[in-house]
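Under numbering that gives the first Met the number 0, the first residue of the sequence shown carries the number 0, and numbering increases by one thereafter.
A short write-up of the structure that comes next.
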Amino acid sequence: MQRPEKLLLVFFGMIATGKSYLASAWAGQYSLPCYNSDRVRKELAGLRPENGRREAVDQGIYSPEFSRRTYDALIEYAGRHFIRDPLAAVVLDGSYQSLAERELLRSRFAEKVRLEFVHCTCSEEVVKKRLEIRASDQTAVSDGTWEIYLAQKKRFEPVTPEERVLELDTDAPVEELMQRVSRAVLD
Numbered sequence: 000m001q002r003p004e005k006l007l008l009v010f011f012g013m014i015a016t017g018k019s020y021l022a023s024a025w026a027g028q029y030s031l032p033c034y035n036s037d038r039v040r041k042e043l044a045g046l047r048p049e050n051g052r053r054e055a056v057d058q059g060i061y062s063p064e065f066s067r068r069t070y071d072a073l074i075e076y077a078g079r080h081f082i083r084d085p086l087a088a089v090v091l092d093g094s095y096q097s098l099a100e101r102e103l104l105r106s107r108f109a110e111k112v113r114l115e116f117v118h119c120t121c122s123e124e125v126v127k128k129r130l131e132i133r134a135s136d137q138t139a140v141s142d143g144t145w146e147i148y149l150a151q152k153k154r155f156e157p158v159t160p161e162e163r164v165l166e167l168d169t170d171a172p173v174e175e176l177m178q179r180v181s182r183a184v185l186d
């Protein structure tokens with residue numbers, strides 16, 4: 000398949016659902032820029048991506064105010080790409096927990112580029128395993144914990160029937176998931 004053009008592809012879902020891994024792999028396959036909310040958040044805080052910041056839910060760089068800055072920066076980075084290259088394709092990766100966050104992307108980009116969403120989910124058993132692995136990985140960028148997952152679960156606004164979203168259970172081989180995304184987005 001050829002490189003996609005004039006596309007904003009947003010991978011979203013709760014922590015440890017595989018969205019960052021899949022977003023990075025898919026973007027890499029097509030040599031596309033991929034902006035990850037964890038990396039951008041730490042960049043805004045003046046931290047290296049792998050610098051752990053285990054903070055309580057909604058505190059520090061995970062406060063609502065800092066999260067707003069982070070998601071605004073994601074919009075800005077994608078917007079810059081589309082200004083430089085109107086036929087560009089960009090991948091965003093973040094939780095986009097609220098319908099309002101997803102609608103903000105739609106209102107900002109829908110008239111300018113093709114906007115597609117991929118909602119990544121998996122079982123809680125898989126989330127727990129991924130969080131355990133991540134906790135011992137010194138190179139992990141995400142600071143997500145089980146407590147943060149539970150907080151996200153309470154406030155995550157489900158996808159509405161009106162939203163055009165590809166739903167993916169990420170407890171499948173990454174090659175299969177990438178093919179499903181490519182078929183949905185490029186065909």
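Think of the CB as a built atom: it goes at the ideal place given N, C-alpha and C, for glycine as much as any other residue.
Just so you know, these numbers come straight off a predicted model, no measurement behind them.
Determine the burial state of residue i: buried for a count of at least 16 other Cβ atoms within 10 Å of its Cβ, exposed for fewer.
i: T169; result: buried
i: N35; result: buried
i: I82; result: exposed
i: A26; result: buried
i: K18; result: buried
i: I132; result: exposed
i: L73; result: buried
i: V180; result: buried
i: R163; result: exposed
i: V112; result: buried
Confirm, please, whether the CB-CB distance from residue j to residue i is below 8 Å.
i: T16; j: T144; result: no
i: A99; j: L7; result: no
i: P48; j: K41; result: yes
i: A44; j: V173; result: no
What residues are listed by DSSP as bridge partners for residue i?
i: H118; result: F11 and E166
i: Y34; result: L91
i: L6; result: A88 and R113
Could you tell me which of the options sits nearest to residue i, measuring between CA atoms?
i: M13; options: L46, R105, P160 and D142; result: D142
i: E115; options: V90, Q137 and R38; result: V90
i: D37; options: Q58, Q28 and S66; result: S66
i: I147; options: I132, L185, S135 and V126; result: V126
i: M177; options: V56, K5 and F10; result: F10
Hey, is residue i's beta-carbon within less than 8 Å of any beta-carbon in chain C?
i: S36; result: Among the protein chains of the structure shown there is no chain C, as only one such chain exists.
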